[in-house]
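Student: Which chain is which? The protein sequence lines are H and X, in order.
Everything in the first sequence is counted per the numbering used here, starting at -2 for the first residue and increasing by one.
Everything in the second sequence is counted per the numbering used here, starting at 34 for the first residue and increasing by one.
Quick reminder that beta carbons are idealized off the backbone N, C-alpha and C, glycines included.
Since the model is a prediction, treat every value here as computed from it, not as a measurement.
Could you have a look at this structure, given as C-alpha cells, before my questions?
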Amino acid sequence: MPRDRSTSTWLDRGFGLIGALAAVISLLLFVWLIRDLVRLGLPRLSWGFLTGEVEDAGRSGGIGPLLVSTLWILACCLAVVIPLGIGCALWLSEFVRRGSPVARLVTGGVDLLSSIPSIVFGLFGMVFFAQTLKMGFSILSGGLTLACMILPLLVRTTLTALESLPADLRPASAALGLTKTTTTVKILLPAALPGIVVGITLGIGRALSETAALLFTSGYSTRLPESVSDSGRALSVHIYDLALNVANGGPMASSSALVLLVLIFVLNSAAVALSEHWLRRRHSFS
Amino acid sequence: MTSSRNTSLSRSVDRVAGGILGLLALVSGGMVLLIVWHLFAGAWPAIEAGRLGAFFTDAKWQPGSRRDPQFGVVTMLVGSFLVTLLAVAMALPLGVATAVFHRFYAPAAIERWNRRMMELLIGVPAVVFGFWGLMVVVPAIVRFAPDTPGQSLLAGGIVLGLMILPLIALTSQAALQAVPTAQLRAAAALGLGRGRTIWSVALPAARGGIGTGVLLALARAVGETMAVVLVCGNIPQIPGSLFDPIRPITSTIALEMGYAGASHKALLFCAALVLVLLTAVFVASFSFRKNEADSGTGGA
C-alpha cells in the first residue's frame, strides 16, 4: 500500500512535470513562429505596401491588386457556397428523415469531400471549371474551386446549428398552421443564424488561407482584375510564388505573410467571440 | 373550401422548396463523385497506355526524360509517408502531454488562454507555416549540420508537426474531458492518486478519442502541400538520413502540373488518385471508429 502510494505520487509529479514542460514547449514554439513572422514582416508594412502595385515580380511595390483579387475570389466562393451549403443542411435536417438512405449517402458524400486534399481540389478545378466549363484561369474558377472545398465545413456547422435548436420549435410552429417552408425560413433559419454566421466566418478564414487549390485555377496575374473572368493572384499564392520562384522574394513574402496572418487571426477571433457571445445569450434566456 | 385549397397550396409550396433544397443537397453530396470521376478521366491516358505497372515498380521519377523515362511513384510515396510519420511522432507526445496538463493540472485561466491560442493556431495558413520553415527552420538546420542543404525530411517533419500539434492537442483534450467524471471519482474513491488515475483510468478511456485525432492529423499531413513544398528540398529520392531532401506526392503535383505535357499530366492525375486513396483510408477508418464508438455507447 505505501509503495503504491509512492509510485502514484511519482506518476502524479511526472505527469505534472512532463505536461507542464510540453505545454511550455508548444507555447514557446508558437511564440517563436509568431515572433519571427512579425520580426520579418513588420519593417516593410505600410499603407503604401497595402495599396501599391506589384513591381519587379513582387520584389518591390505592394500588394494592392492582390488584395482586390483575393476579395473577388472570396466573393465568388461565398456566393456559391452559402446557398449550396445552407440549402443542403436545411434539406438534411428538415426535409428528409435522419438516417434514411438518401440522407446517409449525402452526408457520406459531404464527409468524404472534406477528406480530399486541397491540391486535388486544385486539379479538379483546373479540369472542370477552367477547361470543361471554359472559365479559364480566372477568379471565377478559383472561387468555385474554393466553394467545393469549404462546402463540407458550412454544411456541418449549419447542421449542428439546426440540430441544437430547441426540439419543440417545430411542432409548435406546425400547430400554428405554418407550412414547413415558412417554419424553415421564418423560424428555424433566423434561430440558427448565429451558428451559421460562425460557420461562414470560419469558411472565409479557410478560403483566405488556401493556396494549393488556387495554384492551377485562379492564375498568377498581378494586375488589378477588371472582371471575374480575369486571372487574379490571391495573397496566399503570392507568398508561395515569392518564396519558391523569385530570388530575393523573401522580404516581401514576409510582409505579405504577416498581412495574411493578421487577417486570419482577426476573422477567427471574431468567430470565437461571436459564438461565445451567442452561447451566453442563449444560456441567459433558458 | 378555402382551407382545403390552402392546404394543397401549402403542400405544393413545401414540395417545391423540398425539391430545390434536395437538388442542392444532391449537388453537395455528389460533388465528391464528380471530383473522383474527373481524376479518373485525367489519369485515364496513363492507365490506358499501361503505365500503371511502371508507376508502382519503376525506381525513379523522371517522366520528362527522353533517354530513360521512368514513372516510379514509390520514392514520393516513401517521402510522403516518412514526413507524415515524423510529424506525428513529434506532435503526438507533445500534444497528449499538453492535453493532460491542461485537463488535470493547469489553472482554469491558463487552460482557457492556451486553448484559445491553439484554436487560433489551427487557422494559420499552411503557406505561412511553409514560409516560416523556409526562412527560419531551414537555416537553423544548416547551422546545426553545416554540410547539409537544410531543406530536408527533418525540416518538413518539424514544420508539419508544428502544424498538426494544435489539432492533436485539442482533440486529445476533448477526449480527456469526455471521460466521465464518475469514473475519475470512482478511481479516487478507490484510493488512486491523481497520477495513477490519469495513467490507469483517464488515458485508456480517452485512447479512442486521441486515436481519432491522430487519424485526422494523418489525413491532413499526408494531403498537405504548401508546408512541405517549401522546406523539403523536392528531390525525388529515398532519403538516407533525416537531413536528406525528399519530395512528397503533393509537392510533385504542385511543382510539375504547371508545365507538364499530356502524358506527364496523366501521371500526375494518377498520383492525385493515390493521394485521395490514402486520405480516404484514414478518414474511412476514422468514421468506422466513430460508428463503432457510437454503437458502443448506445449498447452500454
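1) If you compare alpha carbons, which of H:Thr154, H:Lys183, H:Thr157 is closest to Leu166 (chain H)?
2) Please tell me whether Ile285 (chain H) has its Cβ less than 7 Å away from any Cβ of chain X.
3) I want to verify the contact list: residues of chain H whose CB lies under 9 Å from the CB of Ile243 (chain X), in sequence order.
4) Closer than 8 Å by C-beta to Ala178 (chain X): which residues in its own chain qualify, once you throw out the five before and the five after it? Chain order, please.
5) Measuring CB atoms only, is the region 217 to 226 of chain H touching the region 134 to 141 of chain H, in the sense that at least three cross pairs come out at less than 8 Å?
6) Counting pairs of Cβ atoms below 8 Å between the region 153 to 173 of chain X and the region 235 to 243 of chain X, do you hit three or more?
7) Less than 7 Å between CB atoms is the rule here; does Tyr292 (chain X) satisfy it with respect to chain H?
8) For Pro(-1) (chain H), name the three-state secondary structure that DSSP assigns.
9) Closer than 7 Å, CB to CB, is Thr48 (chain H) near chain X or not?
10) Spell out the partners DSSP gives Ala146 (chain X) in its beta bridges.
11) Can you tell me whether Ile155 (chain X) is helix, strand or coil according to DSSP?
12) Taking 7 Å as the CB-CB limit, is Val117 (chain H) close to chain X?
13) Three-state secondary structure (DSSP) at Glu160 (chain H)?
14) Is the CB of Phe27 (chain H) under 7 Å away from at least one CB in chain X?
15) What three-state label does DSSP hand Ile279 (chain X) in the structure shown?
16) Does the distance from the CB of Val152 (chain H) to the CB of Ala86 (chain H) come in under 7 Å?
17) State the start and end residues of the unbroken alpha helix (DSSP H) segment that holds Pro199 (chain X).
18) Quick one: which unbroken alpha helix (DSSP H) runs of 4-plus residues sit fully inside the region 70 to 154 of chain X? Chain order, please.
19) Count the other CB atoms within 10 Å of the CB of Thr285 (chain X); is the residue buried (16 or more) or exposed (fewer)?
20) At least one CB of chain H closer than 7 Å to the CB of Val247 (chain X): is that the case?
21) Just to confirm, are Thr117 (chain X) and Val255 (chain X) a CB contact at a threshold of 7 Å?
22) How should Ala171 (chain H) be labelled, buried or exposed, when 16 other C-beta atoms within 10 angstroms of its C-beta is the threshold for buried?
23) With a cut-off of 7 Å, does the C-beta of Ala58 (chain X) fall near any C-beta of chain H?
24) Using a 10 Å radius around the Cβ and a threshold of 16 neighbouring Cβ atoms, would you call Gln206 (chain X) buried or exposed?
Tutor: Let's see:
1) H:Lys183
2) Because chain H here runs from -2 to 283, residue 285 (chain H) falls outside it and cannot be looked at.
3) What Ile243 (chain X) touches in chain H: nothing, since even the nearest Cβ is about 14 Å away.
4) Phe276
5) yes
6) no
7) no
8) In this prediction, Pro(-1) (chain H) has a pLDDT of 49, which is less than 50 and means its spatial position is unreliable; what the coordinates show is noted afterwards. Of the three classes helix, strand and coil, the one that applies to Pro(-1) (chain H) here is helix, per DSSP.
9) no
10) Per the sequence presented here, residue 146 (chain X) reads as Trp, with Ala not at that position. Answer by DSSP bridge pairing: none, since Trp146 (chain X) is not bridged.
11) helix
12) yes
13) helix
14) yes
15) strand
16) yes
17) 186 to 210
18) 85 to 90, 107 to 133
19) buried
20) no
21) yes
22) exposed
23) yes
24) buried
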